[in-house]
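Engineer: So that we are looking at the same thing, I have put the structure below in structure tokens.
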Amino acid sequence: MLVHRRVHSEKKGVRVFAIAESFKKGTAKSVLAGVVMRRDLVVDGMAFGTATIGGDDATESIISMHRSLARDDVNCIILDGLVISMYNIIDGGRVSDKTGLPVIAVTFEDSPGLESAIKHHFPDGWQDKLAQYEKLGTRERVTLRTGKHLYIRCWGLNGKRAVSVLNAFTLQGAIPEPVKVAKLAARSALSL
2 MLVHRRVHSE KKGVRVFAIA ESFKKGTAKS VLAGVVMRRD LVVDGMAFGT ATIGGDDATE
62 SIISMHRSLA RDDVNCIILD GLVISMYNII DGGRVSDKTG LPVIAVTFED SPGLESAIKH
122 HFPDGWQDKL AQYEKLGTRE RVTLRTGKHL YIRCWGLNGK RAVSVLNAFT LQGAIPEPVK
182 VAKLAARSAL SL
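Residue numbers for the sequence shown, in this note's numbering: 2 to 193.
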């Protein structure tokens, strides 16, 4: 088992690798964009990948994106959700184990779960998708220093430490700055 790097969110040089996705209906792949951002909000790296719409390759794509950075100064990974690209489910624990980094997955709205949607979209293979989804565990509702709430799952660090990291990278509202930039990059790359 890997020992995860401790995240010192109070240090100016702490870096996160935030990943978000974008896709258009009718396409086979989504674009994943990853942004390396320092605590002082300087962007100093990017990586791109793809995920199959409705597939099972997002986890490995994210691991490859991290590997492609070829750097050891990233302290934590922030994922903009774990169920992307029409139910391509990211295994946050596997990402953490393979990269040796703590992983924080963020979502911004409460939901009753995705069981019925998974069964609807995968009538012949919903059992595997549902098992992947249930493996993610429950989300924890947290409040940022901005007063906004979001929902997290984390691996390699506890909820308190995760909130400290998110607070360090959130200027206003609920969306951390590196996630905002990753979303913009994914949307822009999609138009290429």
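Virtual Cβ for every residue (Gly too), placed ideally from N, Cα, C. Since the structure is predicted, the reported quantities are computational estimates derived from the model, not experimental observations.
Going by beta carbon distance, what residues of the same chain come within less than 8 Å of ALA190, once the five residues before and after it are set aside?
Structural biologist: The residue you call residue 190 lines up with position 189 of the sequence shown. Here the set comprises SER23, VAL32, ALA34 and PHE49.
Engineer: Where does ASN168 sit, in a helix, a strand or coil, going by DSSP?
Structural biologist: Translated into positions along the sequence shown, residue 168 becomes position 167. Helix, per DSSP.
Engineer: Go ahead and pull the three-state DSSP assignment for ASP81.
Structural biologist: Residue mapping note: residue 81 aligns to position 80 of the sequence shown, counting from 1. Strand, per DSSP.
Engineer: Spatial neighbours of ASP74 within its chain, please: C-beta separation below 6 Å, excluding the five flanking residues on both sides.
Structural biologist: Along the sequence shown, read from residue 1 onward, the residue named residue 74 stands at position 73. Hits under 6 Å: ARG16.
Engineer: Three or more beta-carbon pairs under 8 Å between the region 55–68 and the region 85–93, yes or no?
Structural biologist: yes
Engineer: Are ILE105 and ILE153 touching if we call contact CB-CB under 8 Å?
Structural biologist: Mapped onto the sequence shown, residue 105 falls at position 104. Mapped onto the sequence shown, residue 153 falls at position 152. Contact: yes.
Engineer: With three or more beta-carbon pairs closer than 8 Å as the criterion, would you say the region 175–192 touches the region 111–121?
Structural biologist: no
Engineer: Quick one: give me the first and last residue of the alpha helix (DSSP H) that GLY93 is part of.
Structural biologist: For this step, residue 93 is matched to residue 92 along the sequence shown. That run of the alpha helix (DSSP H) goes 93–100.
Engineer: With a threshold of 8 Å on Cβ separation, who are the neighbours of GLY160 within its own chain once the five nearest residues in sequence on each side are excluded?
Structural biologist: Within the sequence shown, residue 160 is the residue found at index 159, counting from 1. Same-chain partners within the cutoff: GLU141, VAL143 and ILE153.
Engineer: Would you identify the three-state DSSP class for GLY157, choosing helix, strand or coil?
Structural biologist: Indexing the sequence shown from 1 puts residue 157 at position 156. In the structure shown, GLY157 sits in coil (DSSP, three-state: anything other than H, G, I, E or B).
Engineer: Excluding the 5 residues flanking THR108 on each side, which residues of the same chain have their C-beta closer than 6 Å to its C-beta?
Structural biologist: Working through the sequence shown from its first residue, we reach residue 108 at position 107. Excluding sequence neighbours, THR108 sits near GLY82 and TYR152.
Engineer: What are the start and end residues of the beta strand (DSSP E) that includes ALA29?
Structural biologist: Here residue 29 refers to the residue found at position 28 when the sequence shown is read from its first residue. Unbroken run through ALA29: none, as it is neither H nor E.
Engineer: Please state the DSSP three-state secondary structure of ARG142.
Structural biologist: Taking the sequence shown and counting its residues from 1, the one referred to as residue 142 is at position 141. Strand, per DSSP.
Engineer: Can you round the beta-carbon distance between VAL37 and LEU70 to whole angstroms, since I take them to be within the 8 Å contact cut?
Structural biologist: Within the sequence shown, numbered from 1, the residue matching residue 37 stands at position 36. Within the sequence shown, numbered from 1, the residue matching residue 70 stands at position 69. Yes, VAL37 and LEU70 are in contact; Cβ-Cβ is about 7 Å, under 8 Å.
Engineer: Could you tell me which of VAL166, LYS184 and LYS25 sits nearest to LEU145, measuring between CA atoms?
Structural biologist: Reading the sequence shown from its first residue, position 144 is the one you call residue 145. Here the closest residue by C-alpha is VAL166.
Engineer: Taking the straight line between their C-alpha atoms, what separation do you get for ARG72 and ILE85?
Structural biologist: For the purposes of this step, residue 72 is taken as residue 71 along the sequence shown, with counting starting at 1. For the purposes of this step, residue 85 is taken as residue 84 along the sequence shown, with counting starting at 1. Spanning the two alpha carbons is a distance of roughly 26 Å.
Engineer: Whole angstroms are fine: how far does the CA of ASN76 sit from the CA of MET2?
Structural biologist: Indexing the sequence shown from 1 puts residue 2 at position 1. Indexing the sequence shown from 1 puts residue 76 at position 75. With a pLDDT of 40 at MET2, under the threshold of 50, the modelled position of this residue cannot be trusted, and the question is left open.
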